[in-house]
Ligand code: FES
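Numbering (the numbering used here), first residue to last: 203 to 775.
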């Protein structure tokens, strides 16, 4: 039902003929606004995750001005609201610890203030799900304005991408193939402009998922941050959100199970980040949509990797944009998508994909010529991961997708890092490296430690991949045969806590299995002897996080934030 102006939420603040209404209007006039600016116009929040320590969002102050222009031209009134900025590289121990913090902040910002609708500015990995989870739970019309990927870069004639090549060059340095001078030079390359990582890492995956869910304008997620089309798109967001408020087009009306299955299909076609497995489930939980790891595994079996982008392929996001971007890829998926889903345009997906064309078949491959014969995700289960674990087969080594090897187990990062530099370490290329106590509760925050470093002595011999297991996550920009998100995690007593160095681990990705060759009686004996690690966090946000975070197979949201139970509107006196 369209929303009449007199039904706007903000009118509870600004239209009341009482002392509070007087005070609300008075304080707006204190800022130089006119009475009529806030009394009769939809009020739009521009939730901005800009900060001086978030290079991926460095341009979002200017983009907020473009959004404001669009809002004003459409007859709305914009207010910019700062929100926690989760710059992936700077925030320690991991931005994942704070995704739920941002989601809570966004929900309560929108609820506690006179807001009718919101444009959400962000794009660095956890920012996108954090912004969306909060907006979904609050329930006002919301439109996501993606920060956009940074520009391409080349080094010595070679295309290099943010994140993906950092570990590659580091391994080369450890193996003595890169000297200190080149290493220092690389520091100033690879990140040429503001914007999110230009590979198909977590940022690009999640902004594309936001678009596939129907929460952006068509094509928005592929526009490079520094392209002139980007501020134009931001202005369009401002204009469109005013119309969405009039249409009462809330996230709940857009986020159906079909929309989430579209998002899963797009993740797979992009060769997207394994991190998306956690975020999609968390977002679905906020929308009250049934979705499990098995739905993602089914999507991966159905949808091949079509986007030739690092780390599964060899191109960057700027190339993807020139090839037609996400609308072209989704048009190519055709009936693999649910085309009747309504998006933020108010129209079905089918209509907005009309006219979208692939401009380069090497970058967006035809369905019968995928980038990889393997899917972008596989969900494994077995006595090591009863609730599931994930791997990205398209970025793994073919020979390690079915493998048996002796476990070499580490309980923390310092122990692991020191061992990898120890040239007397008892390890070979068949060894299975295991890192545990790095999950949601254990680390805490499930950091991106799952791309375990390789032993220096093997790097020098030319080894560039080994089977690695953990309850951690992995950067979406990284590659390798890494089994991640093992659930339940070791810190809450999952079987990963019971593995010992020397146990044989069996993986068979085609069969979706992950097991340790340890019989039940021995596992029971080890479990009886297991002692949960002491947790040093006795107060503050991290304590709250550890008490309430759910396991990876459920999305790592807080248990008290899941679901769609209504929250009463604030009382105004
Ligand atoms: Fe922000 Fe990669 S560090 S998107």
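Even for Gly, the Cβ is constructed at its ideal location relative to N, Cα and C.
Output needed for residue i: all residues of its chain with C-beta closer than 7 angstroms, excluding positions within five of it in sequence on either side, in chain order.
{"i": "residue 555", "result": "529, 532, 533"}
{"i": "residue 545", "result": "416, 456, 551, 554"}
{"i": "residue 217", "result": "223, 241"}
{"i": "residue 297", "result": "288, 290, 327, 328"}
{"i": "residue 522", "result": "424, 509, 511, 565"}
{"i": "residue 364", "result": "352, 392, 393, 399, 400, 401, 679"}
{"i": "residue 483", "result": "493, 756, 757"}
{"i": "residue 614", "result": "639"}
{"i": "residue 669", "result": "602, 605, 607, 634, 683, 709"}
{"i": "residue 395", "result": "352, 353, 427, 428"}
Whole angstroms are fine: how far does the CA of residue j sit from the CA of residue i?
{"i": "residue 420", "j": "residue 507", "result": "21 angstroms"}
{"i": "residue 674", "j": "residue 559", "result": "38 angstroms"}
{"i": "residue 771", "j": "residue 624", "result": "59 angstroms"}
{"i": "residue 285", "j": "residue 308", "result": "7 angstroms"}
{"i": "residue 354", "j": "residue 269", "result": "26 angstroms"}
{"i": "residue 443", "j": "residue 404", "result": "26 angstroms"}
{"i": "residue 751", "j": "residue 299", "result": "10 angstroms"}
{"i": "residue 706", "j": "residue 368", "result": "31 angstroms"}
{"i": "residue 383", "j": "residue 370", "result": "16 angstroms"}
{"i": "residue 249", "j": "residue 586", "result": "41 angstroms"}
{"i": "residue 725", "j": "residue 754", "result": "23 angstroms"}
{"i": "residue 657", "j": "residue 621", "result": "7 angstroms"}
{"i": "residue 703", "j": "residue 375", "result": "29 angstroms"}
{"i": "residue 359", "j": "residue 387", "result": "14 angstroms"}
{"i": "residue 590", "j": "residue 498", "result": "12 angstroms"}
{"i": "residue 642", "j": "residue 748", "result": "8 angstroms"}
{"i": "residue 743", "j": "residue 526", "result": "43 angstroms"}
{"i": "residue 356", "j": "residue 380", "result": "16 angstroms"}
{"i": "residue 435", "j": "residue 266", "result": "11 angstroms"}
{"i": "residue 341", "j": "residue 768", "result": "10 angstroms"}
{"i": "residue 235", "j": "residue 449", "result": "26 angstroms"}
{"i": "residue 760", "j": "residue 377", "result": "42 angstroms"}
{"i": "residue 321", "j": "residue 231", "result": "24 angstroms"}
{"i": "residue 663", "j": "residue 655", "result": "15 angstroms"}
{"i": "residue 233", "j": "residue 451", "result": "30 angstroms"}
What residue range does the alpha helix (DSSP H) around residue i cover?
{"i": "residue 241", "result": "237 to 241"}
{"i": "residue 269", "result": "262 to 275"}
{"i": "residue 173", "result": "The requested residue 173 does not occur in the structure, where the chain is confined to residues 203 to 775."}
{"i": "residue 488", "result": "477 to 489"}
{"i": "residue 468", "result": "459 to 472"}
{"i": "residue 165", "result": "One cannot answer for residue 165 here, as it falls past the ends of the chain, which runs 203 to 775."}
{"i": "residue 372", "result": "366 to 376"}
{"i": "residue 431", "result": "431 to 449"}
{"i": "residue 532", "result": "527 to 535"}
{"i": "residue 722", "result": "722 to 731"}
{"i": "residue 305", "result": "298 to 314"}
{"i": "residue 702", "result": "Neither: residue 702 is in no alpha helix (DSSP H) and is coded neither H nor E."}
{"i": "residue 660", "result": "658 to 661"}
{"i": "residue 454", "result": "453 to 456"}
Please list the terminal residues of the continuous beta strand (DSSP E) segment that includes residue i.
{"i": "residue 281", "result": "279 to 284"}
{"i": "residue 689", "result": "684 to 689"}
{"i": "residue 718", "result": "715 to 718"}
{"i": "residue 357", "result": "355 to 357"}
{"i": "residue 391", "result": "Here residue 391 belongs to no beta strand (DSSP E), and DSSP marks it neither H nor E."}
{"i": "residue 361", "result": "360 to 362"}
{"i": "residue 706", "result": "706 to 710"}
Counting only the same chain and skipping the five closest in sequence on each side, list residues whose C-beta sits under 8 angstroms from that of residue i.
{"i": "residue 274", "result": "280, 440"}
{"i": "residue 467", "result": "414, 501, 504, 505, 535, 538, 539"}
{"i": "residue 695", "result": "729, 732, 734"}
{"i": "residue 330", "result": "324, 346, 348, 405, 408, 409, 411, 412, 481"}
Based on the DSSP output, what are the partners of residue i in its beta bridges?
{"i": "residue 156", "result": "It is not possible to answer for residue 156, since the shown part of the chain is limited to 203 through 775."}
{"i": "residue 219", "result": "Partner(s): none; residue 219 has no beta bridge."}
{"i": "residue 671", "result": "636, 685"}
{"i": "residue 511", "result": "517"}
{"i": "residue 751", "result": "760"}
{"i": "residue 574", "result": "507"}
{"i": "residue 425", "result": "According to DSSP, which records beta bridges pairwise, residue 425 is partnered with nothing at all."}
{"i": "residue 566", "result": "509"}
{"i": "residue 398", "result": "351"}
{"i": "residue 550", "result": "544"}
Grab me the residues of residue i's own chain with a C-beta within less than 6 angstroms of its C-beta, minus the 5 sequence neighbours each way, in chain order.
{"i": "residue 373", "result": "661"}
{"i": "residue 237", "result": "227"}
{"i": "residue 650", "result": "675, 676, 677"}
{"i": "residue 708", "result": "606, 717"}
{"i": "residue 632", "result": "607"}
Output the residue ranges of the beta strand (DSSP E) runs that lie fully inside the segment 579 to 654 and measure 3 residues or longer, sorted by chain position. Counting only runs of 3 or more residues that sit fully inside the segment 579 to 654, the beta strand (DSSP E) segments are 580 to 584, 587 to 593, 604 to 612, 634 to 637, in chain order.
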